[in-house]
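Residue numbers (this note's numbering): 3 to 164.
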């Protein structure tokens, strides 16, 4: 197996830009939900068209306040972590998980009603695309190049042998 090639400056810049844009989207969604007192995921969950029992349970009266709080907290954490370049692998995994929950509540599968969307989708939608973008961020971390993790990274000390 050959050694991995280092990323070019343009490739690294594109990956940092992807990380920052996805981070901005997550952070914005979390802030909007946090400052909209009437916001709840209840309607979205109760109208699920796939895996209904799971999503109806998550939208139940006993669970919805926990679900709403965790949803907002996860959006804020993922967004801030991606923008700051700190704990980006954890943020990517949490973001992928959240997006897959959104995806499977209303998947664009043939035979499943899609509900209110701004377009027409078939198998692939924005949630799935953004989840794959986070997979790229996870697989090609850039926070040691541009991010707070760079400040906490221990560099190996090169020693010369005589």
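Beta carbons are placed, not taken as given, at the ideal position from N, Cα and C, and that holds for glycine.
From the DSSP output, read off the bridge partner residues of residue i.
i: residue 126; result: 124
Looking at residue i: is its Cβ nearer than 7 Å to the Cβ of residue j?
i: residue 24; j: residue 107; result: no
i: residue 110; j: residue 95; result: no
i: residue 32; j: residue 44; result: no
i: residue 133; j: residue 85; result: no
i: residue 35; j: residue 41; result: yes
i: residue 28; j: residue 87; result: no
i: residue 17; j: residue 142; result: yes
i: residue 11; j: residue 90; result: no
Put residue i into one of helix, strand or coil per three-state DSSP.
i: residue 151; result: helix
i: residue 156; result: coil
i: residue 106; result: helix
i: residue 146; result: coil
i: residue 63; result: coil
i: residue 111; result: coil
i: residue 40; result: coil
i: residue 50; result: coil
Would you please state the rounded distance, in angstroms, between the beta carbons of residue i and residue j? I believe it to be under 8 Å.
i: residue 58; j: residue 72; result: Rounded, the Cβ-Cβ distance is 17 Å, inconsistent with contact.
i: residue 115; j: residue 51; result: 5 Å
i: residue 138; j: residue 20; result: 7 Å
i: residue 105; j: residue 77; result: That belief does not hold up - the Cβ atoms of residue 105 and residue 77 are roughly 15 Å apart, past 8 Å.
Can you give me the start and stop residues for the alpha helix (DSSP H) that residue i sits inside?
i: residue 13; result: 11 to 36
i: residue 54; result: 54 to 60
i: residue 87; result: Premise fails: residue 87 is in no alpha helix (DSSP H) and is neither H nor E.
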